[in-house]
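Undergrad: Can you keep this structure in mind? I'll have questions shortly.
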DNA sequence: GGCGGCATTGACAGCGGTGTCAAGTGACCC
DNA sequence: GGGTCACTTGACACCGCTGTCAATGCCGCC
């Protein structure tokens, strides 16, 4: 038999409503009463029924995470962060993976309004879907965009790719590198150009020339890193002392080519990546890379949704990244 | 203004209850009536309210996924599979990550009963947590265990590690390999001994001797694969022609050592792994490996929970794995 | 022709909480 | 002493849907 609020009320000798007040930490309850109720609730192991609560208060105590992201680690971390925040607020996280097509299709509205969630977190690349965002607004749903391409008119949580790339390159320059190769990410990703901007900014700031032959187009895949490295390293008499790849997979490709060519990393070649994905720690030497605050972005996004004290201004929360210096970089010979 | 079931009833000229019947596909509704209701519902874009439904029917239309698994890809795939099944049944998936300690702690019950979920999916290693399983039973919660160590008294979804390892080794033997090295997984993982059993069974079946020096303890990490490979390959005059690592990370370690020693994979050394994790496709050559039916296990688990026609017998559903032959294996020279 | 039985439909009472609003209480002030 | 006000508390309707059970109509069969 499940204990209901009525049982607790009886046990504590108060009305249901008072129990409700205590359980929702509403103000204006006498301290003694509050304690009596809490005691009774604990004793009876009372657990509020989510559905009833939701029905009565027209809140669902659920927020949804919408995603279409092929990167499991990214999503898992966003999830963890969001769940953390949810737990603190008595909320739960619902998962709604969807393809880009679905997100633009007519079913999203159905899905979302059926759920009756109290808020939605959009992850990239969904954060940039205009139809989806329209739909959300049409439904009157509160939402937060994580790392959208353009900072728009909604609450946003992001990190600064440009700055991160700049700092990484600056670190290399401080180590003494002057001739630094760069591998661009997939041209369709907004992050790619930002990282490139950061690279170029750092180089210019340091008064170094940008040699076009040192900048190679990649596509975020290991294989493209291999190809780029083959080009950059082919002339043993004239090669960069460091290579900055726009993500870890490509950086891993560079490391493998270096190994094949007998170029020692990091003493003869420094390599760094971006994202701190699993491969950065799996391979040897471990990659120097940029750790995105993924978990923190998930947490922040949920907090923005749940913290009712925060207003809905289209605030942009920019979280801090971290440069992880590991074994793949060092001073040039 | 949200449309309620009353609006639909009015529009269709029937009672609320009849609308409810139609929407829940209950029997005993005249065809004409059914159509009229569906039409009205579509016209008004009616979406049932989950909370109200749940409250009235004392179901929540939610199932929970409990996990404490460091492998993002595994969890993501389980999630995808489970969500797929949930959608077909009008359910949603709730996420409840928890550490092993939490799972054994007193809060689980609180968490789970508060949720009022209609079912729970347990993923490894939580599938083996006795306290957790006790708690579930105490709460009268239906649950399904994914890949537990021992097939117990609850509905279970799993794959056959022994058989998979056997088939992989058999494939190597068919390719012509006679001298095969094996790297054992982490001793605490139940899968480790199963995979070893499979390896040994296949060797014996083929009439090959088990050379203890060819079997090395690892721990599922890249680094342990490197070490094992260094041992197995140190004597260039006497080394195996193939190495079967109990997972992909270790297999990747083997490949990297082979590269360093100038041993060509696969012409001089075949390497295969297990799990088909991301690294298996990232590195070159791509790894021959065993693909677990992870997504399918997630889907099946949810289906077992939701398909009310299926009874709660402790049925064990064993799903098919797949041997993925890629570039890291071939015939020995 | 009367009756049992089945298919179809609706009235109504909750499910377990919360919002609203009014009532009770005591402190404080004029 | 009476009025005002802030703080506490409770009664009760109602959130939107489903379970229960009874009412209705129609069929076949004795």
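Protein chains in written order, with this note's numbering: chain G, 1461 to 1793; chain H, 1461 to 1793.
Glycine included, C-beta positions come from ideal geometry on N, C-alpha and C.
1. Alpha carbon to alpha carbon, how far is residue 1510/G from residue 1702/G? Give it in angstroms, no decimals.
2. Please report the Cβ distance between residue 1735/G and residue 1749/G, rounded to the nearest whole angstrom; I am assuming they are in contact, meaning their Cβ atoms lie under 8 Å.
3. Decide if the segment 1512-1526 of chain G is in contact with the segment 1572-1583 of chain G; the criterion is three or more beta carbon pairs, one per stretch, under 8 Å apart.
4. Against chain H, which members of the segment 1545-1560 of chain G pass a CB distance test of less than 7 Å?
5. Take the Cβ of residue 1669/G as the centre, count every other Cβ of all protein chains shown within 10 Å, and call the residue buried at 16 or more, exposed below.
6. I want to see whether chain G comes within less than 8 Å of residue 1709/H, judged by CB atoms only; does it?
7. What residues match up with residue 1493/H in a beta bridge as DSSP calls it?
8. Exposed or buried, what is residue 1632/H when buried is set at 16 or more other beta-carbons lying within 10 Å of its beta-carbon?
9. Nearest-angstrom Cα distance between residue 1499/H and residue 1468/H?
10. So which of 1767/H, 1465/H, 1665/H has the shortest CA-CA distance to residue 1497/H?
11. Pull up the DSSP beta-bridge partners for residue 1619/H, would you.
12. Against chain H, does residue 1734/G count as a neighbour if the rule is that its beta carbon must be under 8 Å from one of theirs?
13. I'd like to know if the segment 1730-1746 of chain G and the segment 1705-1718 of chain G are in contact, where contact means that at least 3 CB-CB pairs between them fall below 8 Å.
14. Please state whether the Cβ-Cβ distance between residue 1678/H and residue 1645/H is less than 8 Å.
15. Have a look at residue 1680/G and residue 1710/G and give me their C-alpha separation to the nearest angstrom.
16. Taking 8 Å as the threshold, find out whether the segment 1617-1632 of chain H comes into contact with the segment 1651-1665 of chain H through three or more Cβ pairs.
17. Sort 1792/G, 1793/G, 1757/G, 1785/G by Cα distance to residue 1535/G and report the nearest one.
18. Could you have a look at residue 1592/H and say whether DSSP puts it in helix, strand or coil?
19. Let me make sure I understand the geometry here. Which of 1745/G, 1665/G, 1477/G, 1721/G has the alpha-carbon closest to that of residue 1692/G?
20. Are the beta-carbon atoms of residue 1560/H and residue 1589/H separated by less than 8 Å?
21. Residue 1698/H to residue 1744/G, Cα distance in whole Å?
22. Can you pull the chain G neighbours of residue 1536/H, defined as C-beta to C-beta under 8 Å?
23. Can you tell me where the beta strand (DSSP E) with residue 1579/G in it begins and where it stops?
24. Since residue 1515/H meets chain G, which of its residues come closer than 7 Å, beta carbon to beta carbon?
25. According to a CB-to-CB cut-off of less than 9 Å, which residues of the segment 1474-1507 of chain H neighbour chain G?
26. Cβ of residue 1651/G within 8 Å of Cβ of residue 1621/G?
27. Examine the ligand ATP and report whether any of its heavy atoms sits within less than 7 Å of the Cβ of residue 1618/G.
28. Does the structure place the segment 1774-1788 of chain H close enough to the segment 1757-1766 of chain H that three or more beta carbon pairs sit under 8 Å?
29. Taking Cβ positions, are residue 1555/G and residue 1543/H nearer each other than 8 Å?
30. Who are the Cβ neighbours of residue 1636/H in its own chain at under 7 Å, not counting the five residues just before and after it?
31. Please list, in chain order, the residues of the segment 1564-1594 of chain G that have any C-beta partner in chain H closer than 7 Å.
32. If you reduce the DSSP assignment to three classes, tell me which class residue 1730/H lands in.
33. Using a Cβ-Cβ cutoff of less than 6 Å, which residues in the same chain neighbour residue 1789/G once the five nearest sequence positions on both sides are dropped?
34. How big is the Cα-Cα spacing for residue 1470/H and residue 1494/H?
35. Are the C-beta atoms of residue 1719/G and some chain H residue less than 8 Å apart?
36. Look at residue 1737/H and residue 1529/H and say whether their C-beta atoms are less than 8 Å apart.
TA: In brief:
1. For residue 1702/G and residue 1510/G, the distance between alpha carbons rounds to 56 Å.
2. The pair is a contact, with the Cβ atoms about 6 Å apart (cut-off 8 Å).
3. These segments touch.
4. Taking 7 Å as the Cβ-Cβ cut-off against chain H, the residues of the segment 1545-1560 of chain G that qualify are 1552, 1553, 1554, 1555, 1557.
5. Answer is exposed; the Cβ neighbour count stays below 16.
6. Residue 1709/H has a beta carbon lying within less than 8 Å of a beta carbon in chain G.
7. BP columns for residue 1493/H are empty, so no partner.
8. Buried, by the Cβ-count rule.
9. When rounded, the distance between both Cα atoms is 9 Å.
10. In terms of CA proximity to residue 1497/H, 1465/H leads the group 1767/H, 1465/H, 1665/H.
11. Residue 1619/H is bridged to 1779/H.
12. Any Cβ of chain H closer than 8 Å to the Cβ of residue 1734/G would place that residue at the interface, and such an atom is absent.
13. Yes, the segment 1730-1746 of chain G is in contact with the segment 1705-1718 of chain G.
14. In this structure, residue 1645/H lies closer than 8 Å to residue 1678/H by Cβ.
15. Spanning the two alpha carbons is a distance of roughly 6 Å.
16. As far as the Cβ criterion goes, the segment 1617-1632 of chain H touches the segment 1651-1665 of chain H, which means the pair count is three or higher.
17. For the options 1792/G, 1793/G, 1757/G, 1785/G, the alpha carbon positioned closest to that of residue 1535/G is the one of 1757/G.
18. It is helical.
19. For residue 1692/G, the nearest C-alpha among the options comes from 1721/G.
20. Taking 8 Å as the Cβ cut-off, residue 1560/H and residue 1589/H qualify as a contacting pair.
21. Rounded to the nearest angstrom, the two C-alpha atoms are 26 Å apart.
22. Ordered by position in chain G, the residues that pass the 8 Å Cβ test against residue 1536/H are 1532, 1535, 1536.
23. Taken as a continuous stretch (DSSP letters only), the beta strand (DSSP E) holding residue 1579/G covers 1579-1582.
24. The contacting residues are 1511, 1512, 1515.
25. Listed in sequence order: 1505, 1507.
26. In terms of Cβ geometry, residue 1651/G and residue 1621/G form a close pair [threshold 8 Å].
27. This structure lacks the ligand ATP, and indeed carries no ligand of any kind.
28. Yes, since at least three Cβ pairs between the segment 1757-1766 of chain H and the segment 1774-1788 of chain H fall closer than 8 Å, the two stretches touch.
29. It is a contact, given that the beta carbons lie within the stated cut-off.
30. A distance below 7 Å between beta-carbons, with the five flanking residues on each side excluded, links residue 1636/H to the following residues of its chain, in chain order: 1791, 1792.
31. The residues in question are 1570, 1573, 1574, 1575, 1576.
32. Strand, per DSSP.
33. Excluding sequence positions up to five before and after residue 1789/G, its CB lies within less than 6 Å of the CB of 1726, 1730, 1732, 1748, all in the same chain and listed in chain order.
34. Computed Cα separation, rounded: 14 Å.
35. A Cβ of chain H is located within less than 8 Å of the beta carbon of residue 1719/G.
36. No, they are not a contact pair.
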